[in-house]
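Undergrad:
Number of protein chains: 2
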Amino acid sequence: MSQAAIWGVLDGELITDFPDIWSKTLVYSEEHGSILIIPRERNMTRFYIELKACAGTERRAPGQTFVMQQARNIMAPFSIDWKYIEWFGRYQVGQRVASRFADAKTRVFLSGDASHTHSPKAAQGMNTSMHDSWNLSWKLNLAVRGLAKPDFLESYEEERRKIALDLVNFDYEHANQIAGGDAVALAQNFKANVRFISGIGAEYGASPLNKEDPADVSFMAGYARPGCLLPPAKVTRYIDSNPVDVQLDIPMLGQFRIFLLMWDVQQAAPFLATFCHAIADHDAFVSKLSAAASASYAAQPRLGSAEDVYIRPERYTAVSHLFTFALITTMAKAEMEVSDLPAMLQDSRWTIYLDDVPEQDTRGQLCTDKWLGSLEPGEVAIINVRPDGYVGSVGRWNSNVDDSGVDAARWLDEYYAGFMQIPPSKK
Amino acid sequence: MSQAAIWGVLDGELITDFPDIWSKTLVYSEEHGSILIIPRERNMTRFYIELKACAGTERRAPGQTFVMQQARNIMAPFSIDWKYIEWFGRYQVGQRVASRFADAKTRVFLSGDASHTHSPKAAQGMNTSMHDSWNLSWKLNLAVRGLAKPDFLESYEEERRKIALDLVNFDYEHANQIAGGDAVALAQNFKANVRFISGIGAEYGASPLNKEDPADVSFMAGYARPGCLLPPAKVTRYIDSNPVDVQLDIPMLGQFRIFLLMWDVQQAAPFLATFCHAIADHDAFVSKLSAAASASYAAQPRLGSAEDVYIRPERYTAVSHLFTFALITTMAKAEMEVSDLPAMLQDSRWTIYLDDVPEQDTRGQLCTDKWLGSLEPGEVAIINVRPDGYVGSVGRWNSNVDDSGVDAARWLDEYYAGFMQIPPSKK
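Chains as they are written, first to last, in our numbering: chain A, -12 to 414; chain B, -12 to 414.
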């Protein structure tokens, strides 16, 4: 998918009478090509300059002086000069994706620039590369601890190669639009892809990790959907009454987050009691996983960081090193006490949230409504969130039905049994 | 105004079954006194402990063990212990304000703890002290450069001693409410004073610096009032389309900010032309002040900072070292061009703002409406803002009236002539 065009890049401080260097701007000259202008820090401006007329020796290695002259040609009749140029580069746009991101035994992995190349114009290079590594790192942690099934690491290629393909497809279109000079089409292309470019639209396909229940599509009602990032929402942290961004509030310690959502904690009390009892049962898979994780983290603790003294990881690992349980309710603070909750939720007191600040949300929505679309009175929803913030699965139960808490615990076990395991005992 | 009560302070990590240590909490025991609980970083809790029973030798120097026991007595039946105590202190609440904040020649100044003492319970000590110094520093800068009238520095005592008195009056009430144990009265006292406690309610009286026009009380219509901090508002910066907090966007370089507000820049064009022409006139006081400031800053430049490479002070001092001009309009971006403005405003291109993001304001208000209450079509308002962010004066003109721009320039001269001067030439 390589294209003929060669582009030059100049970072520097401009002397110009062109008025629009402080917004992202595209200038198109039919004769000389396009320039994409990106405002930078320290009074600098980045120019991406299409080297349309580039031929002969210049094609192989166009020099800085040549590129500066191309920029002047494109920008005419506006004048362009530089106080200084801090960096000069050139590249040929090429959209390529490696055929494999891991070897057959999942011992060697490719990520970042080694696995995908594309144009730099939508700021996706470093961002996508970091997400490659982020996706891989939590999976490696679980695999190395023996807590994941043998084929678990294959999900790295499955998920990230899809994103790389999404990216180069977008980028091919986008780079052509930039070179094409149709302002309206470019703006539409950007707008249509802004969700992907921002990162929130990088979505994974269905798999045991991102488990869609074909018999129940109610998970499609809200924006918390398997394979998607947990949508941003505002809630009040119960314990200290601080408003928080709930999707970011629980520090990322390599653990899953299990959110329980309900309108009325009192009404859901029997459900919560049976649910907590069932998952604490020694035969429950989730319980066995937690015990195995405890042993693993005792033998090989998390690497600490200097910020831990502020972050307090122990607030989120009191119940389990593998699962942080969280509760979100629209109930008024005065109507509930932590001490009335089952012990497991009392030990999760830093992750109990009140869904009572919709006015702080950009859409004015309750977290419950945004994530779930709607929730019936008496209904309890559970959202499994992966260590990287992606939704793993979503389930709903009528808390008035006997044993619904036990059902929910079984559902949890089934989800985690899809890709996790109790480490085989060493011989 | 000293009170009998002695208080102890303990910072440490608690072991307790009391559930509410993560909010600011007051616990009152009729027999033993009060504890004010303040959650802290690093899992710590601050206790302010009233030492009601304190007598004899303990009165003079109650020890840490004694204070810990007092805390246990007050908190019973909840249990209190400490994993460790990081800091222990004690103090006797005393509300005092120095009779003078400066000597008669304004060569020696008192600020911070040297000028006012009060209880620590509303977090006003360090905050008020920094504002003392902030108020003094920009005034000293102008005085030392010879740009301020001889009696200018007297405004330091006038303004900051008023705040100190406001503070101790509030604090006396507040400390008594905390010791008094009436939860409802304390909450009301706090609520009634939250504007002052937050800092936005620290207001200065009328003076040449905070100039109220007794003949025109229209400045009372909005929240931008002489002697008050410029109210927070959101606008879009014209040059790069970024939404900004307009009250903070212009870096504080010791200069005044002169905001021009209007609905329609085209309609106001004749006003802007005559205004800019009039203040650029060599005989205009503002123009002479700018020239004097240029000479002063050439001889004694601002101290630079490492962040200047990002902040770019030159963007705000291109017109004058003493005044940054700014324009705020509700006009659509597509309908105005910087190059159509008078040269002085073209040189102020980083401080041209579009008042078009009321949805980002906490009250959903336009900046123009919040600051001015209302503005008529064809009306232009000017707000002089002091180097410390306080409103100095507010004026309004009908831009359709001939010479209204000249009137506005004269009004500006009159305001600054109230406390500024052209430095007397050295002999």
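Ideal Cβ placement from N, Cα and C applies to all residues, glycine included.
These figures come from a predicted structure and were not determined experimentally.
1) Report buried or exposed for leucine 290 of chain B, applying the criterion of at least 16 other Cβ atoms within 10 angstroms of its Cβ.
2) Taking contact to mean at least 3 C-beta pairs separated by less than 8 Å, is the segment 148 to 162 of chain B in contact with the segment 184 to 193 of chain B?
3) Going by DSSP in three states, glutamate 324 of chain A sits in which element: helix, strand or coil?
4) Counting Cβ pairs, one atom from each stretch, are 3 or more of them under 8 Å apart for the segment 50 to 61 of chain B and the segment 394 to 413 of chain A?
5) Using a Cβ cut-off of 7 Å, which residues of the segment 16 to 35 of chain B contact any Cβ in chain A, in chain order?
6) According to a CB-to-CB cut-off of less than 9 Å, which residues of the segment 176 to 197 of chain A neighbour chain B?
7) Using a Cβ cut-off of 8 Å, pull out every chain A residue sitting near tryptophan 69 of chain B, in sequence order please.
8) Kindly indicate which three-state DSSP category valine 171 of chain B falls into: helix, strand or coil?
9) Rounded to the nearest angstrom, how far is the Cβ of leucine 23 of chain A from that of isoleucine 67 of chain A, given a contact under 8 Å?
10) Buried or exposed, going by whether 16 or more other CB atoms sit within 10 Å of the CB of proline 288 of chain A?
11) Does DSSP classify proline 257 of chain B as helix, strand or coil?
12) Classify glutamate 366 of chain B: buried if its beta carbon has 16 or more other beta carbons within 10 angstroms, exposed otherwise.
13) Going by CA-CA distance only, name the one from A/Ser194, A/Ala395, A/Lys178 and A/Ala174 that's closest to glutamate 145 of chain A.
14) For serine 124 of chain B, which three-state DSSP category applies?
15) Quick check: what's the CA-CA separation for glutamine 347 of chain B versus alanine 313 of chain B?
16) Here's a check: name, in chain order, each residue in its chain whose Cβ is nearer than 7 Å to the Cβ of alanine 220 of chain B, leaving out the five neighbours to either side.
17) From the beta carbon of tryptophan 9 of chain A, is the nearest beta carbon of chain B less than 7 Å away?
18) Using a C-beta to C-beta distance shorter than 7 Å, which residues of chain B count as neighbours of tyrosine 297 of chain A?
19) Nearest to tyrosine 35 of chain B by alpha carbon, out of B/Glu17, B/Arg77, B/Glu18 and B/His19?
20) Just reading off the beta strand (DSSP E) that threonine 349 of chain B is part of, what are its end residues?
21) Within its chain, find whatever has a CB closer than 6 Å to the CB of leucine 328 of chain A; leave out the 5 residues flanking it on each side and keep chain order.
22) Kindly list, in the order they appear in chain A, the residues whose Cβ is closer than 9 Å to that of valine 325 of chain B.
23) Considering just the uninterrupted stretch of the alpha helix (DSSP H) at tyrosine 402 of chain A, what are its terminal residues?
24) Can you name, in chain order, every residue of its own chain whose Cβ lies under 7 Å from the Cβ of glutamine 175 of chain A, other than the five neighbours on each side?
25) Would you please verify whether the beta carbon of aspartate 227 of chain B is less than 7 Å from any beta carbon of chain A?
26) Please determine whether the Cβ atom of glycine 192 of chain B lies at a distance below 6 Å from any heavy atom of the ligand HEM.
27) Once the 5 residues before and after methionine 249 of chain A are set aside, which same chain residues still bring their CB inside 6 Å of it?
28) Just mark glutamate 17 of chain B as buried or exposed, buried being the case when its beta carbon has 16 or more other beta carbons within 10 Å.
29) Considering Cα atoms alone, identify which of A/Lys70, A/Val80 and A/Lys11 is closest to lysine 39 of chain A.
30) List in chain order: all unbroken beta strand (DSSP E) runs of 3+ residues lying wholly within the segment -4 to 60 of chain B.
31) Going along the chain, which unbroken runs of the alpha helix (DSSP H) with 4 or more residues stay wholly within the segment 112 to 165 of chain A?
32) What are the boundary residues of the beta strand (DSSP E) that includes serine 380 of chain A?
33) Could you tell me the distance, in whole angstroms, from the CA atom of glutamate 324 of chain A to the CA atom of phenylalanine 177 of chain B?
34) For glycine 241 of chain A, I'd like the list of residues in its chain whose CB is within less than 6 Å of its CB, leaving aside the five on either flank, ordered along the chain.
35) Which residue marks the beginning of the beta strand (DSSP E) containing isoleucine 369 of chain B, and which one marks its end?
TA: In this structure, then:
1) By the neighbour-count rule (16 or more Cβ atoms within 10 Å), leucine 290 of chain B is not buried but exposed.
2) yes
3) coil
4) no
5) Within the segment 16 to 35 of chain B, the residues whose Cβ lies closer than 7 Å to some Cβ of chain A are Pro26, Glu28, Arg29 and Asn30, listed in chain order.
6) none
7) Near tryptophan 69 of chain B there are no residues of chain A at all, since even the closest Cβ is about 17 Å away, more than 8 Å.
8) Looking at valine 171 of chain B - three-state DSSP - the assignment turns out to be helix.
9) Going by Cβ atoms, the distance from leucine 23 of chain A to isoleucine 67 of chain A rounds to 14 Å, so no, they are not a contact pair.
10) exposed
11) helix
12) Buried is the call here.
13) A/Ser194
14) helix
15) Computed Cα separation, rounded: 21 Å.
16) Val233, Gln234, Asp348, Cys354, Lys357 and Trp358
17) yes
18) Glu28 and Arg29
19) B/Arg77
20) Careful: threonine 349 of chain B lies outside any beta strand (DSSP E) and carries neither H nor E.
21) none
22) Pro6
23) 391 to 404
24) none
25) At a cut-off of 7 Å, the C-beta of aspartate 227 of chain B has a neighbouring C-beta in chain A.
26) In terms of ligand content, the structure shown is empty, and the ligand HEM therefore cannot be addressed.
27) Ala255, Thr316 and Val367
28) exposed
29) A/Val80
30) 12 to 16, 20 to 26 and 32 to 37
31) 112 to 131
32) 378 to 385
33) 25 Å
34) Trp125, Asn128 and Pro374
35) 366 to 372
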